[in-house]
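Comments concern the structure below.
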Amino acid sequence: MKRSVCRAFIVCVVTSAFGSVAVAQSAGSGESRKDKSPYVELSKVPAKAAAKHNPLESDPDAVAAGSKLFEMHCAECHGADASGGKKGPNLRVEEVQQATPGSLFWVLTNGVVRRGMPVWSRLPEPQRWQLVSYIKSLPAPSR
Amino acid sequence: MNFRLLILSLLAIFAVHLQAHAQESPYLVTYDHYLEEPGSLEVEYFSNFATQRGGPDFHAYWMELEYGATAWWTSELYLDGQTTFGDSTIFTGFRLENRFRLLKSEHVINPVLYVEYEQITEADKIMKEIEGHDVEIDHAESNAVLRQGHNHELELKLILSSTHNGWNFAVNPLAVKPLTGGEPWEFGYALGVSRPLALKASAKRCTFCRENFVAGVEMYGGIGDRPSFGLSETSHYVAPVVAWNLPSNWTLRLSPGFGLNDNSHQFLLRWGVSREFQGFGATMARLLGGR
Chain A
91 MKRSVCRAFI VCVVTSAFGS VAVAQSAGSG ESRKDKSPYV ELSKVPAKAA AKHNPLESDP
151 DAVAAGSKLF EMHCAECHGA DASGGKKGPN LRVEEVQQAT PGSLFWVLTN GVVRRGMPVW
211 SRLPEPQRWQ LVSYIKSLPA PSR
Chain B
12 MNFRLLILSL LAIFAVHLQA HAQESPYLVT YDHYLEEPGS LEVEYFSNFA TQRGGPDFHA
72 YWMELEYGAT AWWTSELYLD GQTTFGDSTI FTGFRLENRF RLLKSEHVIN PVLYVEYEQI
132 TEADKIMKEI EGHDVEIDHA ESNAVLRQGH NHELELKLIL SSTHNGWNFA VNPLAVKPLT
192 GGEPWEFGYA LGVSRPLALK ASAKRCTFCR ENFVAGVEMY GGIGDRPSFG LSETSHYVAP
252 VVAWNLPSNW TLRLSPGFGL NDNSHQFLLR WGVSREFQGF GATMARLLGG R
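As you go down the protein sequences, you meet chains A and B in turn. Residue numbers for the first sequence, in my numbering: 91 to 233. Residue numbers for the second sequence, in my numbering: 12 to 302.
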């Protein structure tokens, strides 16, 4: 009996250790990729997804609704004014503002899991498009 | 009485603490593929009231501390207890759980691996998963008798989940290996489907907007063990579920469950309250002297 319990603990410890090692590795690889742009994911968006049109582009409430959603789900990492936080990059920069709505939607949907951004497909599609509308409405950073 | 005080306290805190909110699934048994956000801690309290033929009804409860270690790994601790009416209130054990997202981006079907270690007594009645030949009569004995039996189990689940047009579909086949007594692998399942009542967010902050409510239905049960796989002597439940995501990071869930055969409890009533603390990891790191 004791051996079985020990075995179970070993499984749990190994599981947690696996996670910890992987986290350490991803942190380490983050260091080595420091000069790699955090916006590189936008260049990996498949062409078909990038070409998608925002169906809520002309919705007068989309930006306000997106602003509310941003505050709820994104501000913690990207900063309250989207100019970047401890974990998430600035969303007012040219790389983001010049990206197509479809590209932003794709990154929101798929996340950038290895860099710490979760998938946001739990938000229904219209809400993700509302977020895209808000992000695209952001003014450029003041220099 | 104490439970009522707890709920009132929670609601009082909720009333004065309005800020961001999370979009949580309504499921109480089934898992979808969404993990806790990295660095966030979710503190959850759940209850399971069940009617019992051949014994007193009971109210089991558990607390979950769910932490998002990374965007692909969530770790969780459960503390279980129960009150059997006319008998006693006891602590029934703990569970340690880890969930790993297996694919880095979103797919039609998204697999998540679930690994859990349980150290509980046979008096544990939270019924978080139904497995093997779990049946109603297992819960009829007194707590004094049930707490003599100890279960050390390793539980594995493959969470398969898909979201399309706002609908979430989740299937959780599970296998449990009792680590003592040489007992065989036991099997079970949980299925869930859910959808928010509105897909678009309204422009203003609101408590009662339709988008804050997610409704669905779950079905869960046991499918025997290795020597006797199948539906014989197993219990099964169907349970409508609803979650209300409040604009203050609180989520309330409610789920009446109905037994589908004679081996099942006739009625279950589950409910839960949870709150997400964003940035918990960073706060702890600062407190512990990190950056």
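Here a beta-carbon is modelled for each residue, glycine too, at the ideal position from N, C-alpha and C.
Start-to-end residues for the beta strand (DSSP E) that takes in residue i
{"i": "A:T199", "result": "First-last for A:T199: P191 to N200, but that is the alpha helix (DSSP H), not the beta strand (DSSP E)."}
{"i": "B:F308", "result": "This structure leaves residue 308 of chain B out entirely; chain B is present only between 12 and 302."}
{"i": "A:K134", "result": "No beta strand (DSSP E) holds A:K134; DSSP gives it neither H nor E."}
{"i": "B:Y72", "result": "F69 to T81"}
{"i": "B:D236", "result": "F224 to D236"}
{"i": "B:T95", "result": "W84 to T95"}
{"i": "B:K168", "result": "H161 to H175"}
{"i": "B:N179", "result": "W178 to P189"}
{"i": "B:E287", "result": "F278 to F288"}
{"i": "B:T262", "result": "W261 to G270"}
{"i": "B:R206", "result": "E197 to P207"}
{"i": "B:H247", "result": "H247 to N256"}
Per-residue contacts from residue i into chain A (C-beta, under 8 Å)
{"i": "B:G290", "result": "E166"}
{"i": "B:K168", "result": "Here the premise fails: no neighbours, minimum Cβ distance about 13 Å."}
{"i": "B:E264", "result": "Residue identity check: residue 264 of chain B is Arg in the sequence provided, not Glu. Under the 8 Å cutoff, chain A gives no residues; its nearest Cβ is about 15 Å from B:R264."}
{"i": "B:R112", "result": "V203"}
{"i": "B:L46", "result": "P208"}
Pair within 7 Å by beta-carbon distance, residue i and residue j
{"i": "B:G7", "j": "B:P67", "result": "Outside the displayed range of chain B (12 to 302) lies residue 7 of chain B, so it cannot be described from this structure."}
{"i": "B:P195", "j": "B:D236", "result": "yes"}
{"i": "B:S36", "j": "B:W282", "result": "no"}
{"i": "B:P49", "j": "A:G175", "result": "no"}
{"i": "B:Y78", "j": "B:L113", "result": "no"}
{"i": "B:Y128", "j": "B:R110", "result": "no"}
{"i": "B:G203", "j": "B:E229", "result": "yes"}
{"i": "B:K168", "j": "B:L185", "result": "yes"}
{"i": "B:E87", "j": "B:E108", "result": "yes"}
{"i": "A:R182", "j": "A:A172", "result": "yes"}
{"i": "A:A141", "j": "A:G192", "result": "yes"}
{"i": "A:W210", "j": "A:L228", "result": "no"}
{"i": "B:A254", "j": "B:Y231", "result": "no"}
{"i": "B:T81", "j": "B:H144", "result": "no"}
{"i": "B:G65", "j": "B:A151", "result": "yes"}
{"i": "B:F69", "j": "B:L280", "result": "no"}
{"i": "B:V252", "j": "B:G270", "result": "no"}
Chain B residues whose Cβ lies nearer than 8 Å to that of residue i
{"i": "A:A154", "result": "A214 and K215"}
{"i": "A:E215", "result": "N176, G177 and L210"}
{"i": "A:A220", "result": "It should be noted that the sequence gives Gln, not Ala, for residue 220 of chain A. Residues of chain B passing the Cβ test: K211 and A212."}
Neighbouring residues, chain B, relative to residue i (Cβ below 7 Å)
{"i": "A:D151", "result": "A214"}
{"i": "A:G206", "result": "P49, T81 and A82"}
{"i": "A:S211", "result": "E117 and T174"}
{"i": "A:L234", "result": "A question about residue 234 of chain A goes unanswered here, because the residues of chain A that appear run from 91 up to 233."}
Residue i: contacting residues in chain B (beta-carbon distance under 9 Å)
{"i": "A:G201", "result": "A82, K115, S116 and E117"}
{"i": "A:L181", "result": "Residues of chain B passing the Cβ test: none, with the nearest at roughly 17 Å."}
Host alpha helix (DSSP H) of residue i (start-end)
{"i": "A:E215", "result": "E215 to S227"}
{"i": "B:F330", "result": "Any property of residue 330 of chain B remains undetermined from this structure, which presents chain B solely from 12 to 302."}
{"i": "B:L298", "result": "F291 to L298"}
Contact list for residue i against chain A, beta-carbon separation under 9 Å
{"i": "B:A293", "result": "K176 and K177"}
{"i": "B:L185", "result": "Correct list: empty, because the minimum Cβ distance to chain A is about 16 Å."}
Partner residues on chain A for residue i, Cβ-Cβ distance less than 7 Å
{"i": "B:P207", "result": "P214"}
{"i": "B:Q34", "result": "R212 and L213"}
Go through the stretch 162 to 186 of chain A residue by residue and report every complete run of the alpha helix (DSSP H) that reaches 4 residues or more, in order. 165 to 168
At least three beta-carbon pairs within less than 8 Å, the stretch 91 to 106 of chain B to the stretch 208 to 216 of chain A: no
Flag this pair as touching only if the stretch 169 to 179 of chain B and the stretch 126 to 140 of chain B have three or more C-beta atom pairs under 8 Å; answer yes or no. no
Is the stretch 153 to 171 of chain B touching the stretch 203 to 210 of chain B, taking contact as three or more C-beta pairs under 8 Å? no
For the stretch 112 to 157 of chain B, which segments carrying the beta strand (DSSP E) assignment without a break, of at least 3 residues, lie completely within its bounds, in sequence order? 121 to 132
With three or more C-beta pairs closer than 8 Å as the rule, is the stretch 179 to 188 of chain B touching the stretch 42 to 52 of chain B? yes
Stretch-stretch touch, CB-based, cutoff 8 Å, three pairs: the stretch 219 to 228 of chain B with the stretch 219 to 232 of chain A: no
Per the contact definition of three or more C-beta pairs closer than 8 Å, is the stretch 274 to 293 of chain B in contact with the stretch 139 to 158 of chain A? no
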